[in-house]
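Participant: Going down the list, the sequences are from chains X, S and R. For the first sequence, the working numbering begins at 1 and goes up steadily by one. For the second sequence, the working numbering begins at 1001 and goes up steadily by one. For the third sequence, the working numbering begins at 2001 and goes up steadily by one. Mind having a look at this structure? Questions to follow.
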Amino acid sequence: MKRFSWFNVTSLALGFGFLYLPIVILVIYSFNAGRSVAVWGGWSLKWYVEVFQNQQLLDAAWVTLRLGMLSATVATVLGTLAAIVLSRFGRFPGRMLFSGMVYAPLVMPEVITGLSLLLLFVAVDFERGFWTITLAHITFTMCFVAVVVQSRLVGFDKSLEEAAMDLGCRPAGTFLRITLPIIWPAVLSGWMLAFTLSIDDLVISSFTTGPGATTLPMKIYSDVRLGVKPEINAVCTLVIAVITVAVVGASILSKRQEIERERAERAAFAAGG
Amino acid sequence: MAKTLGPVRRKFAPWNDPAAVPLIEFRNVVKRFGDFTAVDDVSLGIYEREFFALLGPSGCGKTTLMRMLAGFEHASEGRILLAGQDLGSRPPYERPVNMMFQSYALFPHMTVEKNIAFGLVMDKMPKADIEVRVAEMLKLTRLEKFAKRKPHQLSGGQRQRVALARSLAKRPKVLLLDEPLGALDKKLREETQFELMDLQQQLGMTFLIVTHDQEEAMTVADRIAVMDHGKLVQVAGPSEIYEQPSNRYVADFIGDINILEGRVASIEGTTIGIEASSPKVSLVVEDDEPTSVGATVWVAVRPEKVRISHDQPTDATSNAVAGTVWDIAYIGDVSVYHVKLDCGATIRATVANVSRTVERPIGWEDRVWLTWARSSGVVLTS
Amino acid sequence: MSSDGKGWGRSVVIGIPYVWMAIFFLVPFLIVLKISISNSVIAAPPYEPVFATISEFFAKAGEFTSASYARLFSESIYVESYLSSLWIAASSTVLMLFIAYPLAYAMARAPKAWRPTLLMLVILPFWTSFLIRVYAWIGILAEEGLLNWLLMSIGIVDEPITFLATTRAVYIGIIYSYLPFMVLPLYSSLEKMDDTLIEAAQDLGCTPIAAFWRVTFPLSIPGVIAGSFLVFIPAVGEFVIPDLLGGSDTVMIGKTLWEEFFNNRDWPTASAVAISLLLILVVPIVIFQNAQAKAQEADR
């Protein structure tokens, strides 16, 4: 069958080299004993020690984590509802407006989303801080969840739902017993997407924040505006490590489940003749 | 058209002429994919103007053999010659053969016209000539009305004709057809088979078709090569394949057949006496199959050559066995009787439904005799 | 139609996300619109909290001063940043195609068993922080950074070249950050292409290169279009990249809006910038949606 040609190998090597080299360099230099961004001063963990002694950074990380968990969870519920409405409810008054509102934030520049939400919070005189960032993050991440879940619902064999209702299940029960268990992987990856978007966001957080609520990206941003800081390299390495482990782990897990299911199916097939 | 050319086709048999040189020659061709041998030491000659079919179940190597001729795969061993020239590792775009793909592979971004013209444009044919040729191909395949359409605006049958027109447009030395009618429904498939035969006669080209449908192969081809596990099992004309299968695999693959195992008891010229083991009867077959007394052989009889009746036959020269009617399948043109012999084996006999009367003289659970002439059976040694 | 509960159940399921998006997306948007056309004296901070009712909105619209919009055209900084945003986004999109296409092509032509891994490798950077990936380039492009150190130690240059704080760095940043958005649609359009089409082209006399230009490339155009818009639209409004990698002479509209808002505290002008940015993006967004709808139709 198919093998790699030299052209394809070169393209892959150059492409992935470009994608990964900067990150690899950042990770390596987080272990640099010196302050320089180019000169190697030997291996050291001192910047990591410094990170864990920097209360401001730790506070920011904690805020970001809570924010991400909370907003991703709410956004997943709302986004899943929106996906059901878009893919299963057919026509209803205001459907056009609704789908417009769900899709628009996907392409809306962040500066606009951030600015408009801030003006809302000011207009109703809502005290700005952790909760306003949470509301903002729920709003923009739920649209991504809706798209992920909706694409799964569109590819869903509707006869399964029809069979459940034919057997006497009410719509709500059908959703909980049939639809949700089957689309569950999409809901989970929607949550992960919402979570990573939230902990990664700088612009919308900066607009909607108030005193006392500084997220990790905001902290990193204010520190690096003036150049490279070795302890920020260490923070970035930690963030990259956590996300990589989570994403790769999740994909391996789902891959393994798939293989297991395939194996079970094959075994059942063989047993059944 | 097919009718008028019928007699011509019957006389066409260059493979029996020792002086004839084949147009395509496979010489000891082997193709391996890793550990898997897809084509195993195949030697085969296909003659000019022949309509040749490669027949076999999926995975038997027939498609690989064709793709090697087209240049998409290269033989691991052996040589492939076209008009006396070794094709070697010449790329597909330098070979004077064209292929009609199973999926049709119509370019979705081009109109019917552009699809048909594609190969001619590649040959840098002058524009005016291309137009003439495309018009000719459109006419030939009755697609004039659809010239400006894109593939997705056509029906399955129309797409099939575009694919055919595109592969014929370059007037290749050989046209390769990979399961060309697989996607069509039965009726359209039968019509198209005759159209293909007409086209081949009209254009005087060599066609090589790959198919798993034995009826299709028998209908269209001058000769058929039956393949199994990468090997050629039998290469012969349709009637020979049907009436003189070379072994049980071919007999079983082509059409319906009853096979009885036995031992050779006597040989007198072409008359072979066989003691069948189940049922325990003596059978006589007129066949020139070389074998020896005591050898294990199989007697194969087509259901339509078996007669069924209530009365014990008096004619001692026929073979006869007794049994009970187990099942009757009414197919329309024929009825198939499944007769269970006393030993437990089942023999099928077909009876043509020549009259419209629904009542059949033979019913379920009747005791019947099955008889067939000595010349109706075939002795198979493997 | 299968799981549409009748009555209140259905209304609740529609109502919850609907009301949420109305409050947190539609209303804020209307407020921006209102402030952008209101008098900057009224709206300037300290900003009096006012609830933007519909009637008030229309009342304000009546005394539309357009002062903020007039500023956008009279002061060259705005026009300039619009134009340079569009130019930078467009040209980095084109440059990116030259990197993304071979990569996507090689992925789609790789052995089947490899493809999920390769796909994963493209998606992974997209999951890791955008900010961190932009930041990673600071260390490389800085005056005393890795790239200059490398160039000088090989002896290609004697003096460090200024990469950081230039428009060049902004190009690198955009191409680097948005590469997965370009690769993914290209890959999916190339991957789903039927291999027998290439075989058919070669069978009819195409060399592999001719087959690429006559069959593969035309069929991947939907992917090229989708990828280009996915990159171009957010790149126009980009803030982080020009701010961290660009210099003071790199003006992009997202950065201008940010500065108008945080540094000059001129909210009406910031709102007017936001609205006009949206107006600029409406055209490509509509083209993009149409292209997507068309592509979906062709798939059927």
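Backbone N, C-alpha and C fix where the C-beta goes; we use that ideal spot for every residue, glycine too.
Going by Cα to Cα distance, which pick from Phe1101/S, Leu1140/S, Leu1181/S is closest to aspartate 2203/R?
Facilitator: That would be Phe1101/S, whose Cα lies nearest to the Cα of aspartate 2203/R.
Participant: For a cutoff of 8 Å on Cβ pairs, would you count glutamine 2292/R as touching chain X?
Facilitator: False, the Cβ-Cβ gap to chain X never drops below 8 Å.
Participant: Please classify threonine 1270/S: does DSSP put it in a helix, a strand, or coil?
Facilitator: Threonine 1270/S: coil per DSSP, three-state reduction.
Participant: Kindly indicate which three-state DSSP category phenylalanine 18/X falls into: helix, strand or coil?
Facilitator: Helix, per DSSP.
Participant: Return the CA-CA distance between proline 2017/R and leucine 81/X, expressed in angstroms with no decimal places.
Facilitator: Their backbone Cα atoms lie some 7 Å apart in a straight line.
Participant: Mind pulling the chain S residues with CB within less than 7 Å of threonine 2196/R?
Facilitator: Near threonine 2196/R (Cβ distances below 7 Å), the residues of chain S are Phe1101, Ser1103, Ala1105.
Participant: Does arginine 225/X pass the burial test, meaning 16 or more other C-beta atoms within 10 Å, or should it be called exposed?
Facilitator: So arginine 225/X counts as exposed.
Participant: Quick check on the DSSP output: the beta strand (DSSP E) that includes isoleucine 1257/S runs from which residue to which?
Facilitator: No beta strand (DSSP E) holds isoleucine 1257/S; DSSP gives it neither H nor E.
Participant: Flag this pair as touching only if the region 1072-1079 of chain S and the region 1226-1243 of chain S have three or more C-beta atom pairs under 8 Å; answer yes or no.
Facilitator: They do not touch, by the three-pair rule.
Participant: Suppose you measure from the CA of phenylalanine 113/X to the CA of isoleucine 204/X; what does that come to, to the nearest Å?
Facilitator: The sequence given here has threonine at residue 113/X, not phenylalanine. Rounded to the nearest angstrom, the two C-alpha atoms are 7 Å apart.
Participant: Does any residue of chain X have a CB that is nearer than 8 Å to the CB of alanine 2226/R?
Facilitator: Closer than 8 Å: no.
Participant: What is the DSSP secondary structure of leucine 1154/S, reduced to helix, strand or coil?
Facilitator: Coil at leucine 1154/S, not helix or strand.
Participant: Look up isoleucine 1328/S in the DSSP assignment and give the residues it is bridged to.
Facilitator: For isoleucine 1328/S, which the question treats as bridged, DSSP gives the partners Tyr1337/S.
Participant: If I follow the unbroken beta strand (DSSP E) through serine 1282/S, where does it start and stop?
Facilitator: Start and end: 1282-1286.
Participant: Measuring only between beta-carbons, confirm whether leucine 120/X sits less than 8 Å from chain R.
Facilitator: So, interface residue.
Participant: So with Cβ pairs under 8 Å, would you call isoleucine 243/X a contact of chain R?
Facilitator: Yes, its Cβ sits closer than 8 Å to a Cβ of chain R.
Participant: Tell me where the alpha helix (DSSP H) around aspartate 2195/R begins and ends.
Facilitator: Its alpha helix (DSSP H) spans residues 2195-2203.
Participant: Can you tell me which of the three DSSP states serine 1309/S falls into?
Facilitator: Correct three-state label for serine 1309/S: strand.
Participant: Answer yes or no: does any C-beta atom of chain S fall closer than 8 Å to that of glycine 2139/R?
Facilitator: Cβ-Cβ to chain S under 8 Å: no for glycine 2139/R.
Participant: Report yes if the C-beta distance between isoleucine 1331/S and tyrosine 1337/S is below 8 Å; otherwise report no.
Facilitator: Going by C-beta atoms, isoleucine 1331/S is not nearer than 8 Å to tyrosine 1337/S.
Participant: Within 8 Å (strictly less), CB to CB, does alanine 2106/R reach chain X?
Facilitator: Interface residue, yes.
Participant: Starting from tryptophan 1369/S, trace the alpha helix (DSSP H) in both directions and tell me its first and last residue.
Facilitator: From DSSP, tryptophan 1369/S is part of no alpha helix (DSSP H) but of the beta strand (DSSP E) over 1367-1372.
Participant: Return no unless some Cβ of chain S is closer than 8 Å to the Cβ of alanine 2113/R.
Facilitator: Output row for alanine 2113/R: interface = no.
Participant: Kindly confirm or deny that the region 165-174 of chain X and the region 72-81 of chain X touch, where touching means at least three C-beta pairs closer than 8 Å.
Facilitator: The region 165-174 of chain X, when compared against the region 72-81 of chain X, does not touch it at the 8 Å Cβ threshold.
Participant: Going by the beta-carbon positions, is the gap between lysine 1173/S and alanine 1083/S smaller than 8 Å?
Facilitator: Going by C-beta atoms, lysine 1173/S is nearer than 8 Å to alanine 1083/S.
Participant: Grouping DSSP H, G and I as helix and E and B as strand, with all else coil, what is alanine 1169/S?
Facilitator: Here alanine 1169/S sits in coil by DSSP.
Participant: Over what stretch of residues does the alpha helix (DSSP H) that includes arginine 1032/S continue unbroken?
Facilitator: Careful: arginine 1032/S lies outside any alpha helix (DSSP H), inside the beta strand (DSSP E) at 1024-1033.
Participant: Using the Cα positions of tryptophan 2020/R and valine 248/X, report the straight-line distance between them to the nearest angstrom.
Facilitator: Those two C-alpha atoms are separated by around 33 Å.
Participant: Cβ of arginine 1348/S within 7 Å of any heavy atom in the ligand NAD?
Facilitator: Ligands are entirely absent from the displayed structure, and the ligand NAD is therefore not among its contents.
Participant: Does phenylalanine 2261/R come out as helix, strand or coil in the three-state DSSP assignment?
Facilitator: If DSSP states are grouped into helix, strand and coil, phenylalanine 2261/R belongs with the helices.
Participant: CA-CA distance, serine 198/X and leucine 67/X?
Facilitator: One C-alpha to the other measures close to 7 Å.
Participant: Determine the direct distance from the alpha carbon of threonine 2269/R to that of serine 2040/R, and round the result to whole angstroms.
Facilitator: Because the pLDDT of serine 2040/R is 49, which lies under 50, any placement of that residue in the model is unreliable, and the number read from its coordinates should be weighed accordingly. If I take the Cα positions, the gap works out to 8 Å.
Participant: Helix or strand or just coil, what does DSSP make of arginine 1043/S?
Facilitator: Just to set this straight, residue 1043/S is serine in the shown sequence, not arginine. The answer is strand: DSSP assigns serine 1043/S an E or B state.
Participant: Are the CB atoms of asparagine 1247/S and proline 1303/S within a distance shorter than 8 Å?
Facilitator: The answer is no: Cβ separation not under 8 Å.
Participant: Below 8 Å on the Cβ atoms is my guess for threonine 208/X versus phenylalanine 121/X; work out the distance and round it to an integer in Å.
Facilitator: Threonine 208/X to phenylalanine 121/X, Cβ: 7 Å. Contact.
Participant: According to the Cβ coordinates, are asparagine 1353/S and valine 1334/S closer than 8 Å?
Facilitator: Taking 8 Å as the Cβ cut-off, asparagine 1353/S and valine 1334/S qualify as a contacting pair.
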